[in-house]
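UniProt numbering applies: residue 1 is where the sequence shown begins, and numbers increase by one.
For every residue, glycine included, the Cβ atom is placed at its ideal position computed from N, Cα and C.
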Amino acid sequence: MGQNASGMYIVDDNYKIVGFNTVAEHMYPRIKKEEKCYRCLMNQEVPCAMCPIYNKIEGPKTYIDPVSGHYETVDAVDMDLPDGTHGHAVIFGFTAENGQKAVNEPLPANKEGLGLTSIINALGSDYRSIYSVDRKTQQVSMYLESKNADEMTRMNDTIYTSAITSYVKENVLPQDQYKLEFAINFESLCAHLKRVPQFMVHYRSVKKETGEIHYNYIKCARVGSADSFETIVLAFANEDADIKRSQLQEIVSPGSSLAKRRILIVEDDELNREILKDLLCDQYDVLCAEDGAVGLKLLEEHYAELSVVLLDMFMPVCDGFQFLKEAKQNPILALVPIIVMTGSERQEDEARCLELGASDFVPKPYNQRVVKARINSVIKLRESAAALSAIEYDDLTGLYTKSAFYYHAGILMRYKPDQSYVVVIADVKNFKLINNIYGIRVGDDILRYLAKIMSKALTDGLAARYSDDQFVMFTSIPKNDFEKYLENAVRYISENAPITNLLVKYGVYKDVDKSISISEICDRAIMAMKSIQLNYEKNIAYYDDQLGQQHIREVMMENDFENALRNEEFEVWFQPKYNVQTEKIAGAEALIRWRKQDGSMVSPGAFIPLFERDGLITRLDEYVFKKVCQIQKERLTQGKPFFPISINLSRASLHHEGLVENYTRIVKENNIPFDCVPIELTESAAMYSIQIKALVDMLVASGFKLHMDDFGTGFSSLTSLNVLPFDVIKLDKSLIDYIGNESGDQIIQHVIALAHGLNMKVVAEGVEKKEQAAFLQNMNCDQIQGYYYSSPKSYEVFDKMI
């Protein structure tokens, strides 16, 4: 059987194998009719993560097979089965890459299990050199190295810092070495990978022997979670030589990718213009412009077709510097590489051009060989017209991408300045939760559904996928009709959605200010949308000046956060909890206050909701927790009375990776008992998902005592008292305010009795009146917290009260 033979098996829509050929039987001896393909081939209970049927992938795609360790190319084709039902033919074969390991050899034995295999599949297989680095020892191990890997994609040392430093110094173009500074500093690299799982950097390298410039990129990825990863993967690729597998189907014959690309020459000297045109017209389709202004116009009209711009530096009307500046400001035009043609030898001119985005230089007078070589090299780095088209359109929805939307919306406003425009941002609420419950395929169906409606609804405007779960619409619908139009559209979307109770929030900015950038215009619509994120009765919000002022205040608070944390402007205050029978302090709740350096106070109602939205609350939660643990350690060391001080934990912190381990470590470092720092959680946060419920159980297993906060608000259910592992429930002020009302008294009485029957203590918070305290005492409530006894106090005052 030849090594290029392809295996094939046929499955129905339920992944049940209907038939297979002899090659498939040879490659997978366990294959069997009537069995699920993922079960008999991969020994899994769910479809494979790389399955082209499940992921709706069109065309062949190459992976590292997790069973054999070989490169495997897989494709799936829809077909009708003999019984008239629908099915799929899956065609696969192990791939021998040019210069890669042979087809029947597994990958090197030093790969670290399926964790690294998963990373390579995530990175893609376009890399000729892949290394793993041990985070503790900085030991470098070769994971994959092509026989064709040259010195520009090879690390020769076994210790990371010396290897990468030597690599950058000896191979990377001096002007680009700053791009890899993060990589030379290993701590900086690790810190960056804690924030993002992987990232890519493009740079240029130079061959010392010939001075030839090559274009490379490096992708860095961590193996494992942000807080616990022990291995880093570095993948190198040379963009001049490495052909991506996804492009193989587009290549008809060698050299075809460079045939008749389009070039724009911007040169005011007619003789130089004609020299360049004659030099290049055999190989390229050439456009010409006699000055920068005409050149910019042609660039805007033909950007998707252009492979490179040849730009003269000194011209009338609009010189090369101005041209570069204008092109750089536009995210789409900036994708087209620009080669500067100049007779100047001033280094400051070259430096300025590079800062403005120039890709390379061609000296005057022109050398035919140099001009063609530089053009060839630059074109290989950048996207072809097809790749630019891919950058313009989102693969899943077919709508514009964010960058393309910015570009086209800007043009629309420029060419129709008299129109009144409106921007709408649509945000799918709890999209991650939808993916977790219904699966990624349903999540994708929802996004396609919304995209289809938006495309049909906009006859005179633009629509784009703005982020993973957000869309943007830009239109000139008359403002008098717009509110009704949008309300009808929102109602239709909700009633016909692929799942019930699909919730989409809309932020609207009407009569947009055309003097600001399109990104700022969208930001204003996003502000409006965010203002109703927690409002379940309202789905549409409009931007106004008041919202703008609020946004300015919030941005200032976000900008001040780091310094405030560093300077300990955040103070932990304490509101005492009193024993109902003895009326003596029995504990406290830790609350955060922000006293700025000028002495002014920022209301918790202003900064806490903001930090909950932007994620900074997780750091603030940990800050408070550390402070309380330190205070409890001091009190125990000094022999002061022991009181539990509870700490609030936000829902965002529950999603933070490594929470249980981190908080457990802090308690142990301070050598204090876990029950002196109980954690307050809302019932809704604890029940948010299966994963969060499991995390709550882990907190209890570690030794923490949990208090159910805000019991009595809309989400509360009596059943959860028996399901969730809480030791204390806190009756919310909204429930306490019903004291004196007959039905309210009955509810509180029964809740307290039920909690006691489940061996739980009850704390009533928000108690402000003598009558409320007396009633709770008669009902045998355990503790009271509220202004009737004490407002929150600084630690100095609280310490004296005990």
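| Asked | Found |
| --- | --- |
| Proximity of residue 629 and residue 660 at Cβ, strictly below 8 Å | no |
| Distance, residue 333 Cα to residue 804 Cα | Residue 804 lies beyond the range of the chain shown here (1 to 802); nothing can be said about it. |
| With 16 other Cβ atoms within 10 Å as the buried cut-off, status of residue 441 | exposed |
| Complete runs of the alpha helix (DSSP H) confined to the stretch 469 to 511 [at least 4 residues] | 479 to 495 |
| Spatial distance of residue 626 from residue 29 (CA atoms) | 57 Å |
| Cβ neighbour criterion (16 or more within 10 Å) applied to residue 389 | Here the model assigns residue 389 a pLDDT of 48, short of 50, so the residue's position is not dependable and the matter cannot be decided. |
| Exposed unless 16 or more other CB atoms sit within 10 angstroms - verdict on residue 368 | exposed |
| Touching by the beta-carbon criterion (3+ pairs, under 8 Å), the stretch 264 to 280 and the stretch 309 to 324 | yes |
| 4-residue-minimum alpha helix (DSSP H) runs that sit fully inside the stretch 375 to 456, ordered along the chain | 385 to 392, 402 to 415, 431 to 438 |
| Residue 421 versus 85, 522, 505, 445, residue with shortest Cα-Cα distance | 522 |
| Rounded straight-line distance, which links the Cα of residue 180 to that of residue 188 | 11 Å |
| C-alpha gap between residue 255 and residue 283, whole angstroms | Because the pLDDT at residue 255 is just 35, under 50, the model does not fix this residue reliably, and the value given afterwards should be weighed accordingly. Residue 255 and residue 283: Cα-Cα distance of roughly 11 Å. |
| Any 3 or more C-beta pairs closer than 8 Å across the stretch 566 to 586 and the stretch 787 to 795 | yes |
| Helix, strand or coil at residue 789 according to DSSP, with G and I counted as helix | coil |
| Three-state secondary structure (DSSP) of residue 205 | strand |
| Enclosing alpha helix (DSSP H) for residue 313 [first to last residue] | Residue 313 -> no alpha helix (DSSP H), and no H or E assigned at all. |
| Residues of its chain near residue 340, where Cβ-Cβ distance is below 7 Å and the 5 sequence neighbours each way are ignored | 311, 313, 320, 353, 358, 361 |
| Supposed contact pair residue 394 and residue 465 - C-beta distance, whole angstroms, cut 8 Å | 4 Å |
| Residue burial classification, residue 797 (beta-carbon count within 10 angstroms, cutoff 16) | exposed |
| Environment of residue 210 [buried if 16+ CB atoms lie within 10 Å] | exposed |
| Residue burial classification, residue 781 (beta-carbon count within 10 angstroms, cutoff 16) | buried |
| First through last residue of the beta strand (DSSP E) which encompasses residue 576 | 570 to 579 |
| Contained beta strand (DSSP E) runs [length at least 3] in the stretch 641 to 667, N- to C-terminal order | 645 to 648 |
| Residue range of the unbroken alpha helix (DSSP H) whose run includes residue 778 | 770 to 778 |
| Closest residue to residue 307 among 263, 343, 296, 342 (Cα-Cα distance) | 263 |
| Own chain, CB closer than 6 Å to residue 500, minus 5 neighbours either side, in chain order | none |
| Outcome for residue 346 when other beta-carbon atoms lying within 10 angstroms are tallied against a minimum of 16 | exposed |
| Beta-carbon proximity check, residue 672 vs residue 590, cutoff 8 Å | no |
| 8 Å Cβ shell around residue 760 - same chain, five flanking residues per side excluded | 721, 726, 727, 728, 729 |
| Through-space distance from residue 85 to residue 548, alpha-carbon basis | 57 Å |
| Anticipated Cβ contact below 8 Å, residue 489 with residue 507, distance rounded | The pair is not a contact, with the Cβ atoms about 14 Å apart (cut-off 8 Å). |
| At least three beta-carbon pairs within less than 8 Å, the stretch 744 to 759 to the stretch 527 to 535 | no |
| Contacting residues, own chain, Cβ-Cβ under 6 Å from residue 4 (five flanking each side not counted) | Residue placement at residue 4 cannot be trusted, given a pLDDT of 44 that sits under 50; what the coordinates show is reported in the next sentence. There are no such residues. |
| Of the listed residues 665, 527, 607, 32, nearest to residue 19 (C-alpha basis) | 32 |
| Inter-residue Cα distance where the pair is residue 184 and residue 454 | 47 Å |
| Any alpha helix (DSSP H) of 4 or more consecutive residues that is wholly inside the stretch 332 to 377 | 347 to 355 |
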